[in-house]
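J.: Mind having a look at this structure? Questions to follow.
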Amino acid sequence: MKSSTLTIEVTPAKRFSYFDLTDELRKAIKDSGVTEGAAIAFCPHTTCALLVNEWEDGAQEDFRRTLRALVPEDVYYAHDDLERRTQNLDEVHERQNGHSHVKALLLSATSHAIPVAAGEPMLGRWQRLFLFEMDDPKERQIVFHVFGE
Amino acid sequence: MKSSTLTIEVTPAKRFSYFDLTDELRKAIKDSGVTEGAAIAFCPHTTCALLVNEWEDGAQEDFRRTLRALVPEDVYYAHDDLERRTQNLDEVHERQNGHSHVKALLLSATSHAIPVAAGEPMLGRWQRLFLFEMDDPKERQIVFHVFGE
Amino acid sequence: MKSSTLTIEVTPAKRFSYFDLTDELRKAIKDSGVTEGAAIAFCPHTTCALLVNEWEDGAQEDFRRTLRALVPEDVYYAHDDLERRTQNLDEVHERQNGHSHVKALLLSATSHAIPVAAGEPMLGRWQRLFLFEMDDPKERQIVFHVFGE
Chain S
1 MKSSTLTIEV TPAKRFSYFD LTDELRKAIK DSGVTEGAAI AFCPHTTCAL LVNEWEDGAQ
61 EDFRRTLRAL VPEDVYYAHD DLERRTQNLD EVHERQNGHS HVKALLLSAT SHAIPVAAGE
121 PMLGRWQRLF LFEMDDPKER QIVFHVFGE
Chain R
1 MKSSTLTIEV TPAKRFSYFD LTDELRKAIK DSGVTEGAAI AFCPHTTCAL LVNEWEDGAQ
61 EDFRRTLRAL VPEDVYYAHD DLERRTQNLD EVHERQNGHS HVKALLLSAT SHAIPVAAGE
121 PMLGRWQRLF LFEMDDPKER QIVFHVFGE
Chain P
1 MKSSTLTIEV TPAKRFSYFD LTDELRKAIK DSGVTEGAAI AFCPHTTCAL LVNEWEDGAQ
61 EDFRRTLRAL VPEDVYYAHD DLERRTQNLD EVHERQNGHS HVKALLLSAT SHAIPVAAGE
121 PMLGRWQRLF LFEMDDPKER QIVFHVFGE
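Protein chains in written order, with the numbering used here: chain S, 1 to 149; chain R, 1 to 149; chain P, 1 to 149.
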């Protein structure tokens, strides 16, 4: 039984952009020496999401448009109401990102568990693992935990 | 390689309330003796969800309002139509919770896999693990499975 | 420590139908010999989802109706716009399934991690594991990875 944990850092280009992590996942598995087992991909953030789907510009545009219509940016968010808010206000410049939290909660895509066979993630033909940034872009961490034989 | 499974019981205060489980998760990891590995948090229920996000009243109010607008309580649910329904009717008083099932299915937040390092869950600075109750409150179970070295 | 990975194939009856996988999950756990541990259920596809909830016709109808209202089929999808699209076009007959990708991304239900005790998945009384097909029906694979003692 082997296991290893690796944290990588990525910086998405802009808000609502996607960042492909599939090659990083593959590398984390290779470097772990695990050939049969599973990999956990974990996002330690609250305003972005880890998605597994096709990497195709049209589908990504469609998803971005749909999610922004379901959880619009131009409505009231209590999280952004500095006249009401009292918690977690230790940042110099508090971001207006209530919408991003709600989008992240709706997706609930903080972690994925992906079986590993022959040293490769068992992703389907059209599946890629990617980060979806829903806040203003900044450096993000992704944690891969790989375990097995 | 160690592993341990722990089931805890919690009772949310009311419908659409949140119940913080982060300290319970930390304790489950400590008690397992695992310092490097991962923890699975699993919810064995069909009308509540396990969420990982910021614990801030405003963001939680925003999410509650958004989800209730997307999946309203005051529309027809076949699950609650006792003139049609024939399955799983062994309860004395069948709850009117069709909306809760739909909310739970939309979130699909039954389990999370969280890497563990130095005996702690690798949650980000703003991340907390919490239960979101979408039905009338009752006792709920949460299962933690921790594994690693 | 034992682990085993099993891939099964199922063919849903039609678009927006549900396919119960609970017995297959149970069998995968039994066949692995694991009595205490966890099981990962993974869907290597991009237009269907793995759900854990009650198996009841009404709730399933309610969810189908709600999701189709939130992500309708009869609006524009860039993924289906063959005048714009340039990527991943190696199929003879490209499916018009932009809506299915968006539904799958919104659900983000590609994998579940389920603790195992006494050789059984620790599913709650009302929980079943099932596939939700959101595209035209075809053969689908489901991967179970079971690990533990």
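Glycine is no exception: its CB is placed at the ideal position from the N, C-alpha and C atoms.
Owing to the predicted nature of the structure, the values given are computational and were not obtained by experimental measurement.
#1: Out of curiosity, what's the CA-to-CA distance linking Arg173/P and Arg64/R?
#2: Counting only beta-carbon atoms, is Val10/R nearer than 8 Å to chain P?
#3: Exposed or buried, which one is Tyr76/R when buried takes at least 16 other CB atoms within 10 Å?
#4: So is Gly150/S in contact with chain R if we call contact Cβ pairs under 8 Å?
#5: Check whether the Cβ atoms of Phe144/R and Leu51/R lie closer than 8 Å to each other.
#6: Is the beta carbon of Ala39/S less than 8 Å from the beta carbon of Leu21/S?
#7: Name the chain P residues that come within less than 7 Å of Leu70/R, Cβ to Cβ?
#8: Runs of 4 residues minimum, wholly inside the segment 16-76 of chain P: which ones carry the alpha helix (DSSP H) assignment?
#9: Can you tell me which residues form a DSSP beta bridge with Arg128/S?
#10: Taking the continuous beta strand (DSSP E) assigned at Ala78/R, which residues delimit it?
#11: Of the residues that make up the segment 103-128 of chain P, which ones have a beta carbon closer than 7 Å to any beta carbon in chain R?
#12: Interface residues of chain P around Phe42/R at Cβ under 8 Å?
#13: Taking a contact to mean a Cβ-Cβ separation below 8 Å, would you say Cys43/P touches Met134/P in this structure?
#14: Since Asn53/P contacts Glu56/S with CB under 8 Å, what's their CB separation in whole angstroms?
#15: Considering just the uninterrupted stretch of the beta strand (DSSP E) at Gly119/P, what are its terminal residues?
#16: With C-beta atoms as the reference, is Lys2/S less than 8 Å away from Gly119/S?
#17: Residues of the segment 54-85 of chain R with a CB closer than 8 Å to any CB of chain S: list them in chain order, please.
#18: State the Cα-Cα distance for the pair Ala41/P and Lys30/P, rounded to the nearest angstrom.
#19: So, for Ile8/P: in the same chain, excluding its five sequence neighbours on each side, which residues have a beta-carbon less than 6 Å away from its beta-carbon?
#20: Anyone know if the C-beta pair for Ala113/R and Ala28/P falls short of 8 Å?
#21: If you draw a straight line from the alpha carbon of Lys14/S to that of Ala109/P, how long is it in whole angstroms?
#22: Just mark Thr11/S as buried or exposed, buried being the case when its beta carbon has 16 or more other beta carbons within 10 Å.
#23: Quick check: what's the CA-CA separation for Phe130/R versus Glu83/P?
#24: Give the residues from the segment 13-28 of chain S that approach chain P closer than 7 Å (Cβ to any Cβ), ordered along the chain.
#25: Where does Ala104/R sit, in a helix, a strand or coil, going by DSSP?
T.: The answer reads as follows:
#1: Examination of residue 173/P is not possible in this model, given that chain P is present from 1 through 149 alone.
#2: Numbered from its first residue, the second sequence carries residue 10/R at position 10. Not one chain P Cβ lies under 8 Å of Val10/R.
#3: Stepping through the second sequence from its first residue, residue 76/R is reached at position 76. Counting Cβ neighbours within 10 Å, Tyr76/R comes out exposed, since fewer than 16 surround it.
#4: It is not possible to answer for residue 150/S, since the shown part of chain S is limited to 1 through 149.
#5: Counted from its first residue, the second sequence places residue 144/R at position 144. Counted from its first residue, the second sequence places residue 51/R at position 51. Going by C-beta atoms, Phe144/R is not nearer than 8 Å to Leu51/R.
#6: The sequence position of residue 39/S within the first sequence is 39, counting from 1. The sequence position of residue 21/S within the first sequence is 21, counting from 1. Contact: no.
#7: In the second sequence, residue 70/R corresponds to position 70, counting from 1. Those are Leu70, listed as they occur along chain P.
#8: The alpha helix (DSSP H) runs of length 4 or more contained entirely in the segment 16-76 of chain P are, from start to end of the chain, 22-32, 57-70.
#9: Walking along the first sequence from the start, residue 128/S turns up at place 128. Looking at the DSSP assignment, Arg128/S forms a beta bridge with Asn53/S.
#10: Taking the second sequence and counting its residues from 1, the one referred to as residue 78/R is at position 78. Where Ala78/R is concerned, there is no enclosing beta strand (DSSP E), given that its DSSP letter is neither H nor E.
#11: Leu107, Ser108, Ala109, His112, Ala113, Ile114, Pro115, Ala117, Met122, Leu123, Gly124, Trp126, Gln127
#12: In the second sequence, counting from the first residue as 1, residue 42/R sits at position 42. Correct list: Ala113, Ile114, Pro115, Met122.
#13: Indexing the third sequence from 1 puts residue 43/P at position 43. Indexing the third sequence from 1 puts residue 134/P at position 134. No; because the gap between Cβ atoms is not below 8 Å, this pair is not in contact.
#14: By one-based count along the third sequence, residue 53/P stands at place 53. By one-based count along the first sequence, residue 56/S stands at place 56. Incorrect: roughly 29 Å between the Cβ atoms, too far for contact.
#15: The count along the third sequence starts at 1 and reaches residue 119/P at position 119. If you look at Gly119/P, you'll find it isn't in any beta strand (DSSP E); DSSP assigns it neither H nor E.
#16: For this step, residue 2/S is matched to residue 2 along the first sequence. For this step, residue 119/S is matched to residue 119 along the first sequence. Taking 8 Å as the Cβ cut-off, Lys2/S and Gly119/S do not qualify as a contacting pair.
#17: If the cut-off is 8 Å between Cβ atoms, the segment 54-85 of chain R has Glu54, Trp55, Glu56, Asp57, Gly58, Ala59, Glu61, Asp62, Phe63, Thr66, Leu67, Leu70 near chain S.
#18: Sequence index remark: in the third sequence, residue 41/P carries index 41 (1-based). Sequence index remark: in the third sequence, residue 30/P carries index 30 (1-based). Taking the straight line from one Cα to the other gives about 15 Å.
#19: The residue labelled residue 8/P in the question sits at position 8 within the third sequence. Only Glu24, Ile142 meet the Cβ criterion.
#20: Along the second sequence, one-based indexing puts residue 113/R at 113. Along the third sequence, one-based indexing puts residue 28/P at 28. Contact flag unset, no.
#21: As a first step, residue 14/S must be located in the first sequence, where it is residue number 14. As a first step, residue 109/P must be located in the third sequence, where it is residue number 109. If you take the alpha carbons of Lys14/S and Ala109/P, they lie about 25 Å apart.
#22: For the purposes of this step, residue 11/S is identified with residue 11 of the first sequence, where counting begins at 1. By the 10 Å Cβ count, Thr11/S comes out exposed.
#23: Taking the first residue of the second sequence as position 1, residue 130/R is located at position 130. Taking the first residue of the third sequence as position 1, residue 83/P is located at position 83. Going by the C-alpha atoms only, they are around 45 Å apart.
#24: none
#25: By 1-based counting over the second sequence, the position of residue 104/R is 104. Look at Ala104/R here: in three-state DSSP terms it is helix.
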